[in-house]
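Below you'll find the structure, written out as structure tokens, and then a few comments.
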Amino acid sequence: QFFFRHDFFHESRAWGSGNVGWYYVRVDDPERAAEIARLIDEEFANSPHETKTEPEGAFVQGFAKQIGNIGAIMMAILSAVFFTILLVAGNTMAQSVRERTEELAVLKAMGFTHRGVLGLVLAESCLLAMLGGFLGLGIAWFLISLGDPSGGALPIFFFPTRDLVLGVVLVLLLGLATGLLPALQAQRLQIADAMRR
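Numbering of the sequence shown is given in my numbering, commencing with residue 1254 and proceeding in unit increments.
Structural data, given as structure tokens:
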């Protein structure tokens, strides 16, 4: 922050001297914020300098809307990232099953059922997804719990339980989606064909 004389500041301005862009008004009772905002706007209604009074959160969101729909942009980016992770993880699981074809055949020869092999591959896929996903969620929760680094410029800086649950669901869906095709291939594996490879 910088503190200096008001008249010195106005002398140095190239334009807009004598004008103010916005004021911060702190209210004692947050419950009366809307009422006080209305009273301020009524005071300056039909004057050469009408005001628009709103909470700080709405003010910040107004600036964000000037850039664009931040929510839609973030969802598009996250969807692209999730799809990329899905492809990479799916390819990794498929390669893992191909490399262990003989081991899966031995399990079937020992008496493992088709469903048992399917369950093993799906469980491995979900476990790997959960290890990475839960680690990421834990790091995100920890960083957010350290506090708002913007000093209040971001009015919504917390990790809602709804988003945490959504993250867990997406991790499980990722594990199931990446492991489903390799698991079905392992389930349909013929013992004789696998042993000859």
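By construction, the Cβ of each residue, glycine as well, lies at the ideal position given by its N, Cα and C atoms. In this text, all values refer to a predicted model and were calculated from it rather than measured experimentally.
Check your understanding: Tell me which same chain residues have a C-beta within less than 6 Å of the C-beta of residue 1439, skipping the five on either side of it?
Key -> 1350, 1357, 1370 and 1374
Exercise for review: If I'm right that residue 1390 touches residue 1420 with Cβ under 8 Å, what's the distance once you round it to whole angstroms?
Suggested key: 5 Å
**Study point:** Candidates 1355, 1275, 1388 and 1385: closest to residue 1446 by CA position
**Key:** 1355
Point to revise | Start-to-end residues for the alpha helix (DSSP H) that takes in residue 1332 | key: 1323–1352
Check your understanding: So residue 1343 and residue 1377 are in contact, right, with Cβ under 8 Å, and what is the actual spacing, rounded?
Key -> The Cβ separation is near 13 Å, so there is no contact.
Review point. Buried or exposed: which applies to residue 1315, given that a residue is buried once 16 or more other Cβ atoms fall within 10 Å of its Cβ?
Key: exposed
Practice item. Could you tell me if residue 1382 is buried or exposed, where buried requires 16 or more neighbouring beta carbons within 10 angstroms of its beta carbon? Key: buried
Review point. Should residue 1361 go down as buried or exposed, given a rule of 16 or more other Cβ atoms within 10 Å for buried?
Key: buried
Review point. What runs of the beta strand (DSSP E), each 3 residues or longer, lie entirely inside the region 1258–1314?
Key: none
Review point. So what's residue 1364 in DSSP terms, helix, strand or just coil?
Key: coil
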